[in-house]
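Residue numbers (this note's numbering): 348 to 712. In this text, a Cβ means the ideal position worked out from N, Cα and C, and glycines have one as well.
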Amino acid sequence: MSGEKVRISPNQITVIIITLIISTVDIFLPNFVAREAKKDSWLSVIVAVAAVLPVVLIHLMLYRKYRESTLIEICKKTGGKVFGIFFGLSYVLYFLLISWTVTGEMSIVMNSAFLPLTPSWFFLTVSVLVSAYAVSRGIEAIARLSEILLPVGIFAFLFLFAENVKNVDFKNFLPVLSEGITPPVRGGLIIAGVLFEIIVIMQILPFASDQKRVGRPVYIGLLISGACIFAGTIIYGFFGQLTEAFLLPALEFARYAPIDSNIQSLDIFIIAIWITGIYIKIMVFYYTAVFSLAQLFSIEDYKRLVIPVGLFIYSMCTVSCEKVTAGMNFIHYIFPVYSMTMGFLIPGLMLIISYFSKKSAKAAA
């Protein structure tokens with residue numbers, strides 16, 4: 348493992364997982380899932396969580412075979428020189444792609460919610476600079492920040508839920524499975540694409556203070572995240588088929604809350620909390636990309652890579668922000684399959700390789 352002497356608690360692992368998943372799951376996903384599953388969106392959540400739970404078991408089995416090794420170190424141990432580098436670079440690219448994709452999403456949210464006339468490069472610059480500073484402070488600082496902000500974010504979510512639930516028409520969810528099982532399965536694949544991002548935790552688990560019970564906080568984080576996404580499907584009950592037309596359904600949901608007229612701009616406050624969660628996600632994936640790259644090429648101080656990687660993320664963001672439609676199509680149709688490859692297929696392959704390599708070693712002995 349890296350020489351970085353930090354420790355994060357089981358609670359912080361849970362908080363990081365919840366923040367990573369729910370911070371961005373309500374940006375474009377309600378629109379994408381509604382277009383696929385329509386009134387069965389709530390079933391898509393169940394399908395996604397049920398599919399990812401056994402995948403997390405694969406992650407934990409792999410981690411326990413190589414106790415206190417990061418994901419990149421496991422890649423190098425199972426894949427050898429050639430395939431180890433290939434697997435490792437694949438994960439570095441995956442973490443980088445999520446970093447610049449989420450940073451681009453941040454720019455879209457800021458333009459839509461706050462400052463529509465402000466150029467996107469301004470938001471991108473601020474996002475990368477703030478994230479770079481946090482990354483230079485280390486994962487412990489990011490975990491503490493997430494631990495402080497998540498309760499506020501959960502409160503804001505519950506407040507919106509309570510304010511809008513009285514206006515939800517539950518008939519929008521009926522009849523169940525009117526178009527068969529295929530639509531909710533397609534919607535579930537989109538949600539699973541985000542849930543598979545939990546693989547990033549394997550790069551952080553060696554820092555856990557309690558190595559004997561690393562599985563518990565991971566499962567708790569996933570289940571709470573699933574419950575939040577399930578509750579978020581109430582948006583379809585509120586807007587019905589209009590959910591498919593809104594670019595940012597969750598943003599519209601926040602604006603439609605029947606807030607007392609004496610309380611001004613509370614929806615903006617709630618959206619601001621939401622945006623801080625997005626920042627946490629950028630920080631975590633930016634950090635893991637830098638840390639992974641340093642481990643892959645045996646660079647002792649990962650902080651030397653913070654600025655170069657930040658410039659790369661910024662440059663990719665500027666390109667992707669110019670092609671919003673293509674980016675949204677990528678998130679909708681391609682990213683779920685790509686994420687499944689990184690979160691399920693490669694870890695599964697590494698687990699099989701580790702099993703047979705140890706078996707061969709015992710036979711040779």
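- Pair within 7 Å by beta-carbon distance, S556 and S356: yes
- Item | Integer Cβ distance of S370 from G624, believed to fall under 8 Å | S370 to G624, Cβ: 3 Å. Contact.
- Query: With which residues is A555 paired in a DSSP beta bridge?
  - Reply: I355
- Query: Y583 by DSSP, collapsed to three states: which one?
  - Reply: helix
- Message: To the nearest angstrom, how far is the alpha carbon of R411 from that of I699?
- Response: Approximately 14 Å, taken between the alpha carbons.
- Name the two residues that bound the continuous alpha helix (DSSP H) containing R560. Premise fails: R560 is in no alpha helix (DSSP H) and is neither H nor E.
- Quick one: give me the first and last residue of the alpha helix (DSSP H) that A479 is part of. S467 to R484
- Item | When I455, Y634, F517 and E494 are compared against E669, the one with the closest alpha-carbon | I455
- Message: To the nearest angstrom, how far is the alpha carbon of L492 from that of Y566?
- Response: 21 Å
- Message: The alpha helix (DSSP H) that contains V515, what's its start and end?
- Response: Unbroken run through V515: none, as it is neither H nor E.
- Message: I need the straight-line Cα distance from V684 to A539, nearest angstrom please.
- Response: 9 Å
- Query: Assuming I368 contacts S704 under a Cβ cut-off of 8 Å, what Cβ separation, rounded to an integer in Å, is found between them?
  - Reply: Their Cβ separation, rounded to whole angstroms, is 33 Å, which puts I368 and S704 out of contact at 8 Å.
- State the Cα-Cα distance for the pair L552 and L589, rounded to the nearest angstrom. Looking at the two C-alpha atoms, the distance is approximately 41 Å.
- Query: What residue from T665, W389 and R354 has the CA that sits closest to P522's CA?
  - Reply: Cα-wise, what sits closest to P522 is W389.
- Item | Limits of the alpha helix (DSSP H) - the one that G657 falls within | V653 to C668
- Would you identify the three-state DSSP class for T417, choosing helix, strand or coil? coil
- Rounded straight-line distance, which links the Cα of L692 to that of M630: Cα to Cα, the separation comes out at about 26 Å.
- Answer with buried or exposed for K386, where buried requires no fewer than 16 other C-beta atoms within 10 angstroms of its C-beta. buried
- Task: Would you mind reading off the limits of the alpha helix (DSSP H) that contains Y410?
- Result: S388 to K412
- Answer with buried or exposed for Q550, where buried requires no fewer than 16 other C-beta atoms within 10 angstroms of its C-beta. buried
- Task: Work out the CA separation of Q359 and E487 for me, nearest whole Å.
- Result: 9 Å
- Query: Which term fits I495, buried or exposed, when burial requires 16 or more other beta carbons within 10 angstroms of its beta carbon?
  - Reply: exposed
- Query: What number of angstroms, rounded off, separates the C-alpha of Y649 from the C-alpha of T635?
  - Reply: Rounded to the nearest angstrom, the two C-alpha atoms are 10 Å apart.
- Reducing DSSP to helix, strand and coil, say where A384 ends up. helix
- Query: What whole-angstrom Cβ distance do A597 and D373 have, given they're in contact under 8 Å?
  - Reply: 4 Å
- Query: So, T366 versus L497, is the Cβ gap smaller than 7 Å?
  - Reply: yes
- In chain order, what residues of the same chain lie with their CB nearer than 8 Å to the CB of G535, ignoring the 5 residues before and after it? Counting only Cβ-Cβ distances below 8 Å, and skipping sequence neighbours, we find A384, L390, S391, V392, I393, V394, A395 and A398.
- Hey, is the stretch 637–646 in contact with the stretch 423–440, meaning 3+ C-beta pairs nearer than 8 Å? The stretch 637–646 is in contact with the stretch 423–440.
- Task: In the DSSP assignment, find the alpha helix (DSSP H) that holds I538 and state where it starts and stops.
- Result: T529 to L542
- Query: Since T448 and V475 are thought to touch, with beta carbons under 8 Å apart, how far apart are those beta carbons, to the nearest angstrom?
  - Reply: Contact flag wrong, Cβ pair sits at about 13 Å.
- Query: How many Å lie between F470 and L409 at the Cα?
  - Reply: 39 Å
- Out of V380, H406, L376 and I546, which has the shortest C-alpha to C-alpha gap to S701? Looking at V380, H406, L376 and I546, the one whose alpha-carbon comes closest to that of S701 is H406.
- Can Y633 and S459 be called in contact, C-beta distance under 7 Å? no
- Kindly indicate which residue of I501, P401, V353 and M453 has the alpha-carbon position closest to the one of A490. V353
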